[in-house]
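So the structure is just underneath, and the comments pick up after that.
Chains as they are written, first to last, in the working numbering: chain A, 4 to 86; chain B, 4 to 86; chain C, 100 to 237; chain D, 100 to 237.
Take a look at the structure:
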């Protein structure tokens, strides 16, 4: 699974991209977040308030209960501010 | 009083402008129209259906019961089609 | 800035000229001649500028605008030619869009221009009157 | 035509390119950098183009459009610089205005761009979310 981070999420984590081996129990974005938070304090800080974040799976905006699969591209970022 | 005509009104009357000496009974645009219609058959034709016409007095859109005065500029034209 | 002219105008230059201090948004409209016949545009000199200026003033009262440019062409216009430009600058997009539409709706229904197409005077459209009524009467 | 680029764009040329057979109206929006600090724009390559294309397609379903051009800049942008252009061509003004606003509202709330101004990430505005809701969800 490819994880992408943008804007302040990228800055706080000190990286824009990483590859992970998801566990078989990881069914949804929420499961992925729980897994990341358990891994490292930096993730715990970034995901402390999920209402500040948005998520896309395979480049589609989705909600946090959307399913994730082993080969997905999952991106976390703050609400967008383009235009 | 200066009378101005635009678009098909100008074409039908064969002129874009004329000066008239209004009578003292001529109080409103409607009075002016009645006076013109009495003067010549061409005017009778142009003013036969006033709903097809608009009028401006001194370069302001007004209704047919608006007052007119001896030194006014009165313009007759069809509904506008610019833009 | 309001201009009534027979010459063409440069849309990019007009929009660029509106950008400046505090301007975050420029909404614009350009109208062009459709069809194969071309158009001839007649206007009422003096009243046209006055009527447009009045509506620009009204737009400035309704929305916090930082600049307005209106250019309307007259005379013979070939197919595809520019007819009109309305461009409105503001800090944010909503006032710019609103004022641009407002000004177009009033240009269509109040500014004394008349189009002739292939020898026939173009008829005014009830839909344009309805559009202008959205803003309620001045 | 959708472009995401660091270079500036030529508003006049983009609008001129949309004029053509049957086009009577081009509505456009240009956004520029306000304030003295300039901006840096980050985006999600791939998803950005995909998201914009999806909304252009949706706009084409809703209104009879004859052309759409969207250019969005990324990277460092100085004060006063162009950020974004949305230009929409149609036979008549109403679909052009509606689609232009629709696309701007969705660019503001769905296209994955992030602005940084003077070291701070710009916060998303609830008013932009509300504006996008006017069109109801896709």
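All C-beta atoms in this analysis are idealised placements derived from N, C-alpha and C, irrespective of residue type, glycine included. Computed from a prediction, not measured in an experiment: that's the story for all the values here.
| Check | Outcome |
| --- | --- |
| Contact list for residue 206/D against chain A, beta-carbon separation under 7 Å | 85 and 86 |
| Residue from 36/A, 20/A, 18/A and 17/A whose Cα sits closest to the Cα of residue 26/A | 36/A |
| DSSP three-state assignment for residue 154/C, whether helix, strand or coil | helix |
| Cβ-Cβ distance between residue 122/D and residue 131/C below 7 Å | yes |
| Beta-carbon proximity of residue 108/C to residue 187/C, cut-off 7 Å | no |
| Contact set between residue 280/D and chain A, taken where Cβ atoms lie within less than 8 Å | Look at the range of chain D in this structure, 100 to 237, and you will see that residue 280/D is not part of it. |
| Members of the region 43-69 of chain A that neighbour chain D once the beta carbon cut-off is set at 7 Å | 59, 62 and 64 |
| CB contact check: residue 234/D to chain A, cutoff 7 Å | no |
| Cutoff 6 Å; reference residue 194/C; Cβ partners in own chain excluding five residues on either side | 162 and 163 |
| Chain-ordered chain A contacts of residue 149/D [CB-CB under 7 Å] | 62 |
| Contact with chain C by residue 79/B, beta-carbon distance below 7 Å | no |
| Integer Cβ distance of residue 58/B from residue 50/B, believed to fall under 8 Å | In fact, because the Cβ distance is near 10 Å, the residues do not count as touching under 8 Å. |
| Option in 172/C, 233/C and 217/C with minimal Cα separation from residue 210/C | 172/C |
| Residue-level contact to chain E via CB, residue 118/C, 7 Å cutoff | Of the protein chains in the structure, A, B, C and D, none is chain E. |
| CB contact below 7 Å: residue 197/C versus chain D | no |
| Limits of the alpha helix (DSSP H) - the one that residue 73/A falls within | Here residue 73/A belongs to no alpha helix (DSSP H), and DSSP marks it neither H nor E. |
| Span separating the alpha-carbon of residue 157/C from that of residue 146/C | 16 Å |
| Pick from 63/A, 20/A and 31/A that is closest to residue 69/A, judged by C-alpha positions | 31/A |
| Touch test, the region 125-143 of chain C against the region 70-85 of chain A, Cβ-Cβ under 8 Å, three pairs minimum | no |
| Within-7 Å CB hit, residue 133/C to chain D | yes |
| Per-residue DSSP class, three states only, for residue 123/D | coil |
| Spatially closest choice to residue 234/D from 189/D, 202/D and 151/D, by CA coordinates | 202/D |
| Interface residues of the region 100-117 of chain C facing chain D [CB-CB below 8 Å] | 109, 110, 111, 112, 114 and 115 |
| Best match in 47/B, 42/B and 55/B for proximity to residue 23/B [C-alpha to C-alpha] | 42/B |
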